[in-house]
Amino acid sequence: MPNPHGRSAGTAADLIKARMQDRYNIDVDRYVRFTSIITPGGEFRNGLKVIQKLRDLATFFNTPQRITKLKQIKKALSLPGVNIEVDSKTRVGYAVTLIRRSVLNHYAFAQYFEGALDSETAVWSSISKDDWTLITEMEGLTNQLAQFSLGEVKSRAWQALNCLVLDRPGPKATEHSQRRAPKSISEFSWDGKRCRDRLREQLALRFPVEDLNDIKALLLDPRIKGKAHSIVSESSVLAQAETELQFEHALIYQKLFARQAADEECKGEEPLPSGVSQSSSDLIDTALGGLLEIDTPAQNVEMSDFQADLSAQAMSAWNEWKNLNVSWPCSTSQTGKCNLLDLYRNVKILAWFKESEQLLFPGNAVLARIYLAKPLSTAIQERFFSLSGYVVNDLRTRLDEDRAEMLCLMKANWREYRSLQKQTEVDSK
1 MPNPHGRSAG TAADLIKARM QDRYNIDVDR YVRFTSIITP GGEFRNGLKV
51 IQKLRDLATF FNTPQRITKL KQIKKALSLP GVNIEVDSKT RVGYAVTLIR
101 RSVLNHYAFA QYFEGALDSE TAVWSSISKD DWTLITEMEG LTNQLAQFSL
151 GEVKSRAWQA LNCLVLDRPG PKATEHSQRR APKSISEFSW DGKRCRDRLR
201 EQLALRFPVE DLNDIKALLL DPRIKGKAHS IVSESSVLAQ AETELQFEHA
251 LIYQKLFARQ AADEECKGEE PLPSGVSQSS SDLIDTALGG LLEIDTPAQN
301 VEMSDFQADL SAQAMSAWNE WKNLNVSWPC STSQTGKCNL LDLYRNVKIL
351 AWFKESEQLL FPGNAVLARI YLAKPLSTAI QERFFSLSGY VVNDLRTRLD
401 EDRAEMLCLM KANWREYRSL QKQTEVDSK
C-alpha cells in the first residue's frame, strides 16, 4: 500500500534521480541499487504500537487532578501505590519498566475509567484485550532473557515462560513481585511469537559462536564455574578457554612473584665497604686481569630453577582453584544448594576477590579484574520491540521527506555510491 503521509512512488523516484544527478553526476537508472533492511525475525509493528499506547496512558495521568483521583482509588481499595511514570523513554530498559508498572496498575486503571467521562476513556479503550496479552508476552520474553544474563542458563529450548497476570495486586505488591503464571510458547499470540523470533535472531547475531572471553569469565567466577561443563555445549571450546586461561595465569603468577623475589633480593644486599670501587674495567684491560678471573655459579641456571619453581607453584595454585568450593552466605534449598540468582544479587564477586581471595589466589584475582569487570550490554530491547524510533529520535518513523531521502541515499547504499562516484570520476577523465 502507498504511504498516505508521503509522496507517491513515482514522484519520490524522480526526486531521487534528480538529486543524484546534481550532487554526484550519477545516472540512477543505470547504476543505483537500493537495499531494503528488515530486522531478522520479521516485521513487528504492533510492538511499537502497544508501547506507545502505554506511554499515552502514563501521560494521561500527568495532570494533578487525575493522579490525585487515582491515588484515592488505590488507597480506598488497598492497592499498591506504585509510580506509573518512567524517567526517560530513551533509557535502555524503559519499555520493560513501563510494561511492569502498567500491568501492576491495570486494576486501578480499570476502576478509574469505570467512572470517568466519555472524553477520557479513549486512551484506555484503545488498549484492547489482545494488546494486554501481547504486553504480558513481551515482558515474559525479556524476563526470561534476564534469567539467562544472571546465570540461570538452560540448554533446552523454551517450553513455557512465566508471564505477568492481570489480577488485582495485593497491598504490598511491587513491580518485581507480581504474580506470574506459566504460559506455553504454543499458546502465544502471533505477535508474541514474532517478538520471540526477533529476540532469537538478535541473540544469534550478537552471539553467533561461544566466545572464549565469556567462557574464561565463567571459569573465573566461583559462583558458577562448577556448571561450566553443562553451560558450554562444545567441550573443545571449553578446553581451549581453560588452556589459554591457565597459560595467562602462569604468566601473571610468575610476574607477580618474580618481582617480589627481586625486591627482597635488593633489600638483602649489603653495601660495599667504603673505598672499594664497583668497576674493575681498568684491571680487565691489562694482562693482570686474566689472573683475577675466577669461576662463579652460572646465574642463568639458578634463574631457570627459580622459574621452574614458580611454574610448579602456578600450576598448583590453578589446580587448587579448580577444586575450590566456597561456602556462600546464602539460604539453601532442601537439597542443600544455593540459588544462583540469590548469589548474583548478594555476592559482589570482585569485592570478594579483593577481600578474601587476593592473597590465596593472586593470579586469579588479577584475571578476574580483567574478565569479570566487563558487564554484558542490555541495549537489545529497542531492536526486537521496534523501539529504535524512540532511542534515536521521536520522529524516526515520521521523518520529513528530505531527511528520509538523505538517510536512504547516504546510509543504506553509501558504499555503493562511493564506488560509483569513483568510477564516474575515472570515466570523466
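Residue numbers (the working numbering): 1 to 429.
Just so it is clear, CB atoms sit at the ideal spot from N, CA and C, and this is done for glycine as well.
Residue from the options whose Cα sits closest to the Cα of residue i
i: Leu212; options: Pro169, Ala204, Val232, Pro171; result: Val232
i: Leu179; options: Leu350, Val165, Phe353; result: This sequence places Arg at residue 179; Leu is not what is there. Among Leu350, Val165, Phe353, the Cα nearest to that of Arg179 belongs to Val165.
i: Ser102; options: Lys129, Val82, Gln111; result: Val82
i: Leu134; options: Arg196, Asn323, Gln111, Val123; result: Arg196
i: Leu218; options: Ala241, Leu359, Lys348; result: Ala241
i: Ser78; options: Ile215, Arg223, Pro169; result: Pro169
i: Gly47; options: Ala228, Ile127, Thr121, Ile26; result: Ile127
i: Ala365; options: Gly10, Tyr253, Thr63, Gln313; result: Tyr253
i: Ser125; options: Leu57, Phe257, Pro182, Val326; result: Leu57
i: Leu372; options: Ala312, Lys337, Arg223; result: Arg223
i: Lys348; options: Thr121, Leu359, Trp328, Asn25; result: Trp328
i: Leu310; options: Leu367, Leu251, Leu324, Val326; result: Leu251
i: Cys338; options: Thr11, Tyr344, Cys330; result: Cys330
i: Leu247; options: Thr63, Lys227, Lys129, Ala314; result: A small fix is needed here, since residue 247 is Phe in this sequence, not Leu. Selected option, being the one with the closest Cα: Ala314.
i: Ile84; options: Thr59, Ala76, Pro64, Gln72; result: Thr59
i: Val326; options: Tyr94, Gly226, Ile185, Ser230; result: Gly226
i: Lys49; options: Val123, Tyr112, Lys17, Pro64; result: Val123
i: His229; options: Ala312, Lys322, Asn25; result: Lys322
8 Å contact criterion, which residue i and residue j should meet: CB distance rounded
i: Thr53; j: Asp131; result: The identity of residue 53 in the sequence shown is Lys, whereas the question assumes Thr. With 8 Å as the limit, Lys53 and Asp131 qualify as a contact, their Cβ atoms being about 6 Å apart.
i: Leu98; j: Arg55; result: 7 Å
i: Leu256; j: Gly363; result: 7 Å
i: Asn162; j: Ala146; result: Incorrect: roughly 11 Å between the Cβ atoms, too far for contact.
Cβ-based burial, residue i [other Cβ within 10 Å; buried from 16]
i: Asp221; result: buried
i: His249; result: buried
i: Lys74; result: buried
i: Leu245; result: buried
i: Glu293; result: For Glu293, the predicted structure reports a pLDDT of 46, less than 50, and the residue's modelled location is therefore unreliable. The matter cannot be settled from this model.
i: Lys216; result: buried
i: Lys154; result: Only weak support is given to the placement of Lys154: the predicted model assigns it a pLDDT of 45, under 50, and the question is left unresolved by the model.
i: Glu137; result: buried
i: Arg369; result: exposed
i: Phe61; result: buried
i: Arg194; result: buried
i: Phe361; result: buried
i: Lys183; result: buried
i: Val392; result: Residue placement at Val392 is poorly supported in this model, since its pLDDT is 39, which falls under 50; the coordinates still yield a value, given next. Result: exposed.
i: Ala13; result: exposed
i: Leu343; result: buried
i: Ala471; result: Because the chain here runs from 1 to 429, residue 471 falls outside it and cannot be looked at.
i: Leu359; result: exposed
i: Arg45; result: exposed
i: Arg100; result: buried
Beta carbon proximity, residue i to chain D, threshold 8 Å
i: Gly140; result: Of the chains in the structure shown, none is chain D; there is only one protein chain.
_Meets three-Cβ-pair contact criterion under 8 Å: the segment 129-144 and the segment 111-118_ = no
*Taking three-plus beta-carbon pairs below 8 Å as touching, is the segment 64-78 in contact with the segment 39-50?*
no
*Give a yes or no on contact between the segment 100-109 and the segment 14-31, applying the rule of three or more CB pairs nearer than 8 Å.*
no
_With three or more C-beta pairs closer than 8 Å as the rule, is the segment 185-205 touching the segment 314-321?_
no
_Check whether the segment 169-177 and the segment 196-207 touch, using three or more Cβ-Cβ pairs below 8 Å as the test._
no
*Fully enclosed by the segment 158-225, which beta strand (DSSP E) runs are 3 residues long or longer?*
160-164, 180-184
_Validate contact between the segment 343-356 and the segment 234-242 using beta carbons, cut 8 Å, 3 pairs_ = no
*Can you list the alpha helix (DSSP H) stretches of 4 or more residues lying completely in the segment 63-101, in chain order?*
64-76
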